[in-house]
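When we follow my numbering, the leftmost residue of the sequence shown carries the number 311, and every step to the right adds one. See below for the structure under consideration.
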Amino acid sequence: MTERNADTAADGSRPVFAAELFPHRSLGRKGFKVMLALAGTVCLFYSILFVTRGAWPVGFFFGADFFLLYGAFWLNYRSGRVREEVTVSRTNVSIRKFSPTGRMVEHHFNPFWTRFLVRRHREIGVVSMHVRDRSHDTDVGSFLNPEDRESFAKAFKRALATVTQRI
311 MTERNADTAA DGSRPVFAAE LFPHRSLGRK GFKVMLALAG TVCLFYSILF
361 VTRGAWPVGF FFGADFFLLY GAFWLNYRSG RVREEVTVSR TNVSIRKFSP
411 TGRMVEHHFN PFWTRFLVRR HREIGVVSMH VRDRSHDTDV GSFLNPEDRE
461 SFAKAFKRAL ATVTQRI
């Protein structure tokens with residue numbers, strides 16, 4: 311999660327708060343390549359071992375295991391391309407959601423009618439976050455880990471409070 315706070319501008323269109331939310335991946339691209347190379351080496355070694363001993367069907371299963379592992383990580387990294395851009399100004403709350411395919415959906419809210427709903431669990435912390443106004447609502451940061459949800463919730467609440475205060 312990347313967060314930027316901006317100073318309040320004289321015009322209401324300049325963002326007071328901006329954050330880009332994206333899911334955390336514990337294994338980077340380099341680690342993925344190293345893990346895939348190690349798994350491929352082990353699968354190839356045992357596949358050759360079993361084929362030379364006459365148990366050729368087992369060799370195919372080792373190949374299938376490798377391709378299933380690669381497919382699972384490919385799907386994981388593809389889902390990691392999802393992101394959300396949240397901006398708050400005196401005149402607008404904007405939430406732009408980008409899917410893994412790059413498709414974007416944008417939600418606009420009037421900051422004076424906007425309510426930020428946070429659902430918490432006693433042991434876990436923040437479970438879900440929703441931005442709602444009179445006509446529609448959307449979830450925010452559903453892919454974040456609990457610590458990032460907590461910090462985003464505090465910062466977003468503070469930004470909404472700043473924007474709705476009278477000058």
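Note that CB positions come from ideal geometry on N, CA and C, so glycine has one too.
Report the three-state DSSP secondary structure of Asp-443 (helix, strand or coil). Mapped onto the sequence shown, residue 443 falls at position 133. Looking at Asp-443 - three-state DSSP - the assignment turns out to be coil, as it is neither helix nor strand.
Express the C-alpha separation of Leu-470 and Ser-409 in angstroms, rounding to a whole number. Within the sequence shown, residue 409 is the residue found at index 99, counting from 1. Within the sequence shown, residue 470 is the residue found at index 160, counting from 1. Using only the alpha carbons, I get a separation of about 26 Å.
Nearest to Gly-350 by alpha carbon, out of Pro-421, Phe-376, Leu-337, Gln-475? For the purposes of this step, residue 350 is taken as residue 40 along the sequence shown, with counting starting at 1. Of Pro-421, Phe-376, Leu-337, Gln-475, the residue nearest in Cα terms is Phe-376.
Tell me the rounded alpha-carbon separation between Arg-459 and Arg-393. Along the sequence shown, one-based indexing puts residue 459 at 149. Along the sequence shown, one-based indexing puts residue 393 at 83. For Arg-459 and Arg-393, the distance between alpha carbons rounds to 14 Å.
Going by C-alpha to C-alpha distance, which of Val-415, Asp-447, Phe-426, Ser-445 sits closest to Leu-462? Taking the sequence shown and counting its residues from 1, one reaches residue 462 at position 152. The residue asked about is misnamed: residue 462 is Phe in this sequence, not Leu. Ranking the options by Cα distance to Phe-462, first place goes to Phe-426.
With 16 as the cutoff for other CB atoms within 10 Å, does Thr-397 come out buried or exposed? Sequence index remark: in the sequence shown, residue 397 carries index 87 (1-based). Buried.
DSSP bridge partner residues for Ser-478 (one or two, in chain order): Limits of the chain in this structure are 311 at one end and 477 at the other, which puts residue 478 out of reach.
State the beta-bridge partners of Ala-463 as determined by DSSP. Counting from one through the sequence shown, the residue named residue 463 turns up at place 153. According to DSSP, which records beta bridges pairwise, Ala-463 is partnered with nothing at all.
Min CB distance Leu-359 to chain C below 7 Å: The chain labelled as chain C is not found in the depicted structure, where only one protein chain is given.
Tell me whether Met-439 is buried or exposed, calling it buried when 16 or more other Cβ atoms sit within 10 Å of its Cβ. Sequence index remark: in the sequence shown, residue 439 carries index 129 (1-based). So Met-439 ends up on the buried side.
With a threshold of 7 Å on Cβ separation, who are the neighbours of Ala-319 within its own chain once the five nearest residues in sequence on each side are excluded? Locating residue 319 in the sequence shown gives position 9, where the first residue counts as 1. Its pLDDT being 43, under 50, Ala-319 is placed unreliably by the model, and the measurement read from it follows with that caveat. Answer for Ala-319: no residue qualifies.
How many angstroms separate the CA atom of Met-345 from the CA atom of Tyr-356? For this step, residue 345 is matched to residue 35 along the sequence shown. For this step, residue 356 is matched to residue 46 along the sequence shown. Going from the Cα of Met-345 to the Cα of Tyr-356 covers about 17 Å.
Can you tell me whether DSSP reads Ser-357 as helix, strand or coil? In the sequence shown, residue 357 corresponds to position 47, counting from 1. In the structure shown, Ser-357 sits in a helix (DSSP, three-state: H, G or I).
Pick from Ala-329, Trp-366, Tyr-380, Leu-331 that is closest to Arg-339, judged by C-alpha positions: Here residue 339 refers to the residue found at position 29 when the sequence shown is read from its first residue. The shortest C-alpha separation from Arg-339 is found at Tyr-380.
For Val-326 versus Ser-399, is the C-beta distance shorter than 7 Å? For the purposes of this step, residue 326 is taken as the residue at position 16 of the sequence shown. For the purposes of this step, residue 399 is taken as the residue at position 89 of the sequence shown. Contact flag set, yes.
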